[in-house]
Amino acid sequence: MPDIPSHASVVIIGGGIVGCSLAYHLAKRGCADVLLLERRKLTCGTTWHAAGLVGQLRATQNLTRLAQYTTQLYEGLERETGQATGFRQVGSVAVAASEARFEELKRGASMARCFGLEVQVLSPGAARERWPLLSTDGLVGAVFLPKDGRTNPVDTTQALARGARRGGVRIIEDLKVTGIHKSNGRVSGVATDAGDVRADIVVNCAGMWAREVGEWADVSVPLHAAEHFYIVTQPIAGLPSELPILRDADACSYFKEDTGKLLVGWFEPRAKPWGTDGIPESFAFDQLPADVNHIEPLIAQAMQRVPVLESAGVQVFFNGPESFTPDDRYLLGEVPELRGLYVAAGFNSIGIQSAGGAGKVLADWILDGHPPFDLWDVDIRRCAPFQRNTRYLRDRTVESLGLLYAMHWPFRQAETARGVRKSPLHDRLASAGACFGEVAGYERANWFAPTGVEPRYEYSYGRQNWFEYSAAEHRAVRERVGLFDQSSFGKFVLRGPDAAAVLGRMCANEVDVPPGKVVYTQWLNERGGIEADLTVTREAVDSYLIVTSCATQARDFHWLARSIPQGARAVALDVSSAYAVLGLMGPCSRDLLATLTDGGLDSAAFPFATSQLIDVGYARVRASRITYVGELGYELYIPTEFVQSVYDEIVAAGKPFGLRLAGYHALNSLRMEKAYRHWGHDISDEDSPLEAGLQFAVAWSKAGSFVGRDALERQRVAGLRRRLVALALERDDRMLYHNEPIWRNGELVGRVSSAMFGHTLGAPLGLGYLSNRGEPVTPEWIGAGRYEIEVADERIPARVSLRPFYDPASERVKQ
Ligand SMILES: Cc1cc2nc3c(=O)[nH]c(=O)nc-3n(C[C@H](O)[C@H](O)[C@H](O)COP(=O)(O)OP(=O)(O)OC[C@H]3O[C@@H](n4cnc5c(N)ncnc54)[C@H](O)[C@@H]3O)c2cc1C
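Here the sequence shown is numbered in the working numbering, starting from 7 and rising by one per residue.
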């Protein structure tokens, strides 16, 4: 047994490329008291057999930034450490065999420009010049990323390990971690085959074992392994050694030159989950049995794209396991359940290209106590607790692997492991024609198909099949009244004599308000960034109801729970499942509700931003006069078992008012016209309320201070370097989704953070931050610009406004 230290500041479990990258970056930051424990040998899990593609373009800005950093790191790693890495910046060509795929590639190219990535859009002929063995049959176009590359995963991991050791990190191989210790809600160390190690921080980098490692501490790490296939051909005469990587996503395949041979790998649409009952104890440098039948149809397609394969002969048929997550994004950060326990796992077959960036930002996160920038896309706090369910993970993994190369359609919905979390109204909505979308397993009506129309998506980059149905829902809300099932909201109660003081410190807005008042507020971090965006209702002097979105339920609840100081007399409860929510929205909502309740509803009796317990039908419900759509309206919080009867009453009473059921796509269109911000897109932990135009929700002079106030004050004095604006495209034949570049007088000044077609305004709308080369962004500067938004390589004129385009004075809301 090796001699192990009794304590380390940081213990890393797992010596794959991710664990080694983290160790390297901790050492770079001067944190040397790090112990990395590997149960067998470095790289023996998944890393050793990776194909070694290192691409940079990811679905979002920050993930692209991380992949970009990885390339830069690998480029210099051999020079720095003296350990060969095999990294070559050969570039990559991605080809499109359909117009839709070409649009996807061109939209990606436009996004890449936002982040300073070099990218060229190519004709099929030009693609062939870069990749001479390519058949251009059926190709529509291509893009070329000159800075993409490939690397040797084993050598690169060894180089990171060498860099880490030089920085003082201790790496011990052949020593298995067997347990995680905790004390007082914190991690306190690990158990190993050679005894215990006390630790302040433990990081779970155990690859496909990470779910099981999480279970030791009763922590959810939702990932599942799947079989992943590639072949290596016999040597091919004359194969250029600096051939770029080729990706043919329509044929689910990638191609890489590999010492005079071709390596061809696949992301097939229906994958084979593996290791559901646990990863074998003995697994090290192993491979799984070949399954030629599974991959055969794709081999035939690959031969059509690269005809030389027909005669090349196969030298290796490789099948190795890799871990996948339910949403195809990796899991990073401190787990919500246990302080000091971090995770970096579930890399969905892009762990080599992600490891550099993920290791760097996780090192920063650990040492600084917060992520260096918005990492919500990969933050483990996005996961719902149920997602550790093994059957759910296995079933979803069938689909996850193929998603990497599937069309990334706007509004694309998962097809596997559906119907997990349902509102009590689910069946009623389904029989009314609802087409459901899923958020954290919750089925929510996105739009309603009229009688005779099947409620299913037909995807495209243009107006999809539901466009007109959703437009009708939108118009009903603007002109009459619409009913939304918003039961998926996260709902918390904070109760106790100190509840007001605790919440007062957390909220930027004033929440020490009379009972019955509803407050829209943000929770800020010390840097002034927005951690949460929610409504707070004072139910009683010592009790608050806090409402947030479905997607942030776990994150926000843990922020709340962790913000209660020791000894404070306040307790937080997650009551999300106790209440269903109906949003009754539109100019006729008051008159409709009046037919079902005896209480007064006019503005004197029931003003905007207040909440009351009222009778509706036979039930007693909490009605809150607030809106996310910009009209008069009420959110009804109904004890779950009453919601079906209340819903039936409303639907029956709604007939004379022209009530229409409405879904989340209409909600999004309505909120976009009002420029209401959406956390996770328009606002995040790196955006301040001042930059986001939410200063109206900052109570500068409230008694006592609030977290983040000093940072806001500094920003206010210095002037804002970026500002969120509303955008409207001047043409209605192209759709905005998000991440489209914004140009001002021919200069790139920002990107669209969220978007939707606005049916009242008749235009594609967006929100986005503008910046001015580090100078203050003033209303005058904004007003003086000529704007364009780039959609799939084409710049289209746009209007820009600091105020919402629809009802900027919010008169309709307060009527
Ligand atoms: C066929 C194939 C091709 C791929 N091609 C690419 C590619 O081209 N580009 C790309 O970016 N990605 C690729 N990938 C994905 C990439 O290989 C993985 O995402 C990456 O290697 C994951 O690294 P990791 O460090 O998270 O996991 P691993 O490499 O599996 O490391 C985890 C380590 O933890 C150790 N461990 C587990 N439990 C314990 C314990 N209790 N105590 C101590 N140690 C423990 C394991 O032994 C293992 O060494 C490919 C994957 C496959 C299967």
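Backbone N, C-alpha and C define an ideal beta-carbon position, used for all residues, glycine too.
Between the beta-carbon of residue 652 and that of residue 642 there is about 7 Å, and that keeps the pair under the 8 Å contact cut. Residue pairing for residue 528: DSSP places it in a beta bridge opposite 539.
At a cut-off of 7 Å, the beta-carbon of residue 358 counts as near ligand 1: some heavy atom of the ligand is closer than that.
According to the DSSP assignment, residue 205 belongs to the beta strand (DSSP E) that extends over 201-210. By the C-beta density criterion, residue 487 is buried, having at least 16 other C-beta atoms within 10 angstroms.
Straight-line spacing of the CA atoms in residue 109 and residue 146 works out to 10 Å.
Residue 747 counts as buried, since no fewer than 16 other beta carbons sit within 10 angstroms of its beta carbon.
By alpha-carbon distance to residue 634, the top candidate from 554, 290, 75 and 712 is 554. For residue 159, the shortest separation between its Cβ and any heavy atom of ligand 1 lies below 7 Å.
With 16 or more other CB atoms across the displayed protein chains lying within 10 angstroms of its CB, residue 429 is buried.
Taking 4 residues as the shortest admissible run, the stretch 69-138 contains the following complete alpha helix (DSSP H) segments, listed from N- to C-terminal end: 105-120 and 130-136. The Cβ atoms of residue 531 and residue 376 sit closer than 8 Å to each other. At a cut-off of 7 Å, the beta-carbon of residue 234 counts as near ligand 1: some heavy atom of the ligand is closer than that. The beta carbons of residue 468 and residue 741 sit about 6 Å from each other, so the pair counts as a contact at 8 Å. Between residue 438 and the set 452, 606 and 152, the nearest pair of CA atoms involves 452.
Collapsing the DSSP output to three states places residue 441 in a strand.
Proximity of the stretch 732-741 to the stretch 760-775 meets the contact definition, three or more beta-carbon pairs being nearer than 8 Å. Ranking 329, 256 and 526 by CA distance to the CA of residue 310 puts 256 first. Going by DSSP, residue 355 is part of no alpha helix (DSSP H) at all; its letter is neither H nor E. For residue 214, the Cβ falls inside the 7 Å cut-off from some heavy atom of ligand 1. If the five residues before and after residue 494 are omitted, its C-beta is found closer than 6 Å to the C-beta atoms of 448, 450 and 556, all from its own chain and listed in chain order.
CA-CA distance, residue 164 to residue 712, rounds to 46 Å.
In this structure the stretch 403-421 touches the stretch 274-289; the number of beta carbon pairs closer than 8 Å is three or more.
Residue 729 sits close to residue 697, with the two beta carbons spaced by under 8 Å. Distance from the Cα of residue 101 is smallest, within the candidate group 81, 134 and 121, for 134.
Across the structure, residue 116 and residue 65 are spaced so that their CA atoms are roughly 12 Å apart. Residue 242 sits in coil when the DSSP states are folded into three classes, being neither helix nor strand. For residue 597, the three-state secondary structure derived from DSSP is helix. Spatial neighbours of residue 383 in its own chain (CB-CB distance under 7 Å, excluding positions within 5 residues in sequence) are listed in chain order as 66, 68, 69 and 335. At least one heavy atom of ligand 1 falls within 7 Å of the beta-carbon of residue 50.
Inclusion of residue 655 and residue 704 in the CB contact set at 8 Å is not warranted, their separation being larger than that value. A distance below 8 Å separates the beta carbons of residue 670 and residue 443.
Taking a C-beta distance under 8 Å as the contact criterion, residue 250 and residue 99 qualify as a contact pair. In this structure, DSSP gives residue 145 a state outside helix and strand, which the three-state scheme calls coil.
Secondary structure note for residue 223: it is in no alpha helix (DSSP H), with a DSSP letter that is neither H nor E. In the three-state reduction of the DSSP assignment, residue 379 falls in the coil class, being assigned neither a helical nor a strand state.
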